[in-house]
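First residue of the sequence shown: 0, per numbering that gives the first Met the number 0; consecutive thereafter. Notes follow the structure.
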Amino acid sequence: MAEALTRLEAGMPIVYGGNRMVTVGEDLARAFEEGDRLVVVQDTGALLHIPSAEWEKAASSIDAAHHAFSMMGTVTEARLATFFNGFAARLKDDRTFAPIALANAGDVERARERGRSTTRLILSDGMREGMIEGLRLWANGDVGRGRVVETIDHDGWTLEQVRSGLGVVGFVFEGRPNVFADATGVLAAGNTVVFRIGSDALGTARAIMTHALDPALEEAGLPAGSVSLVDTPSRSAGWAMFSDPRLGLAVARGSGTAVSQLGSVARQAGIPVSLHGTGGAWVVAAGSADAGAFASAIYHSLDRKVCNTVNTVCIVESRAEDLVPVFLDALHRAGERLGATAKLHVTESVAESIPPSWFEPASIIRAEGPVTEVRTEPIAADRLGVEWEWEGSPEVTLTVVPDTETAIRLFNEQSPRFAASLISADEDEHRRFFELIDAPFVGNGFTRWVDGQYALNRPELGLSNWQFGRLFGRGGVLSGDSVYTIRSRAKQSDPDIGR
């Protein structure tokens, strides 16, 4: 009979992946106490220590959310609208928002002191308005909860396929305050939600819960636990959440490595995942590319660093002579707009086309502040998929390829298979590009259109790449109305039918 793990010893062997082994280190052995949990990531052999206190915090929140979900079927559309409108009104009201803004300013200051990126952390006026708009969209939209999506008639009875809530949705994200508004959209589809946010944004999260979200839930009379925050800065709470099989869906947003690990934890617990970690869009300039359209695509894709920012640019060899200078000018202007010097990475195929001045030292704005470094650096041809997490200085990789087909192959082999744009005047080439490129988001201009609220008029919970395989049964934009299940309801008109 299995016994509970009460202690670890340095050097203790741990089997993972069926035929591999890792040993316990001294630090882990000292830290582990009775009541703690050890999660072994079967993909990598990573040993994740979850202290009992963090496990209990996550379990308590999921307990409440699980109980609330059992009552969500009785919640009317009117009460949901009251919640969304109330949440939006509190964010709109300057007096209510003031302590949220103060908390966010404190988070931003502390993050900067630690040399952390703040590009996604700042709760700007634009982000605030986007949150308000998104909540109002949920208040006024029809997400299809309870909708009969198909009816099959039989002799003496009818079968209905009905949209229904999926369950408890667990969110782990690093530092985007707007996720609080976007992700509550899952309530509209009959789900409940548990959040865990990174330490950089925890003060903002607490303030949003206290001053806007919790009061809106109470005003609407939604079940207690419908939305809850696992209030701890410890990453282990996220591992605990994603180990709980009561989650109907695990959603992770943040850095690629952390998101990948969280996804592994959830998958081995049998929980469906939606991962939003690695991004970086590609732009391909074909032989028939219009120089002006190409320049605009680059410039408008570099206004800030987010997942849909252009990261890698491929120019076909026949157009390198005239389009490389166009690219450099657009990149330079994008940096000027942000008050910064742009950073460039180039493969050997294009290095000789770059003016010598671009290889001189320059002041590049990093998360820790301005840093003097070489403005242009070489990059190996097999590292085109590296995503540049830039802070103030736009950062891009440039390569020259023989043809569009080569660019497509490189994208499919090296990129996180997220977003791609083709600049071409040839409609047949666009058709072939769409057929061959392995990406959920494909365009013919700037890449920053890849956004649920901007493109679909629906607040997004995240944008999925195809790095871990194509998505089943839905598109790459995860939104509140895409988190549902189908239930079957039989209605007999003839009580005497049988098989």
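In this text, a Cβ means the ideal position worked out from N, Cα and C, and glycines have one as well. Note that the structure is a prediction, hence the values are computed from the model and not measured.
- Straight through space, the alpha carbons of V192 and R111 are spaced by roughly 30 Å.
- By the criterion of a C-beta distance shorter than 8 Å, A294 is surrounded in its chain by V325, F326, D328 and A329, once the five residues flanking it on both sides are discounted.
- Residue burial annotation: V370 is exposed, with fewer than 16 other C-beta atoms found within 10 angstroms of its C-beta.
- DSSP, reduced to helix, strand and coil, places V147 within a strand of the structure shown.
- If you draw a straight line from the Cα of E149 to the Cα of R469, it is about 25 Å long.
- In summary, V14 is exposed, with fewer than 16 beta-carbon neighbours lying within 10 Å of its beta-carbon over all protein chains present.
- Under the three-state reduction of DSSP, R488 is assigned to strand.
- The C-beta of H210 has 16 or more other C-beta atoms within 10 Å across all chains shown, which makes the residue buried.
- DSSP places V476 within a strand segment (E or B) once states are collapsed to three.
- Counting other Cβ atoms within 10 Å of its Cβ, N310 reaches 16 or more and is therefore classed as buried.
- Per the C-alpha coordinates, the member of T75, D381 and A280 positioned closest to E394 is A280.
- In this structure, DSSP gives R135 a helical state, which the three-state scheme calls helix.
- A Cβ-Cβ separation of about 13 Å leaves L343 out of contact with L383 under the 8 Å criterion.
- With respect to R195, G262 sits apart: the two C-beta atoms are not nearer than 7 Å.
- Between A188 and V142, the C-beta spacing is below 7 Å.
- In the three-state scheme derived from DSSP, where H, G and I count as helix and E and B as strand, P377 is classed as strand.
- Membership of Y15 in the beta strand (DSSP E) is indicated by the continuous run P12 to Y15.
- DSSP places H344 in the uninterrupted beta strand (DSSP E) bounded by K342 to V345.
- With a beta-carbon spacing of about 16 Å, V349 and T403 fall beyond the 8 Å limit used to define contacts.
- By DSSP's assignment, C313 forms a beta bridge with V283 and T398.
- Under the DSSP definition of a beta bridge, T191 partners with V167.
- The straight-line gap separating the alpha-carbon atoms of C306 and N443 is approximately 18 Å.
- Note on geometry: alpha-carbon atoms of I422 and L186 lie some 40 Å from one another.
- Secondary structure of A438 (DSSP, three-state): coil.
- Here T117 has V107, A110 and R111 as same chain residues with Cβ atoms under 7 Å from its own Cβ, once five neighbours each way along the sequence are excluded.
- Residue environment analysis places V147 among the exposed positions, since fewer than 16 neighbouring C-beta atoms fall within 10 angstroms of its C-beta.
- When Cβ pairs closer than 8 Å are counted between the two stretches, the region 282-292 is seen not to touch the region 164-179, the count staying below three.
- For the pair G72 and W137, the Cα-to-Cα distance works out to about 17 Å.
- Under DSSP, Q160 shares a beta bridge with E149 and S487.
- Judged by DSSP secondary structure, T22 falls within the beta strand (DSSP E) whose first and last residues are R19 to T22.
- Taking C-beta separations shorter than 7 Å and ignoring five residues to either side along the sequence, the partners of I353 in its chain run V345 and T375, following chain order.
- In this structure, G461 sits away from L435, with a CB-CB distance that is not shorter than 7 Å.
- Around the CB of F471, fewer than 16 other CB atoms lie within 10 Å, so the residue is classed as exposed.
- According to the DSSP secondary-structure assignment, T95 is paired through a beta bridge with no residue.
- It is roughly 33 Å from the alpha-carbon of G334 to the alpha-carbon of G474.
- V39 and L46 have their alpha carbons spaced roughly 5 Å apart.
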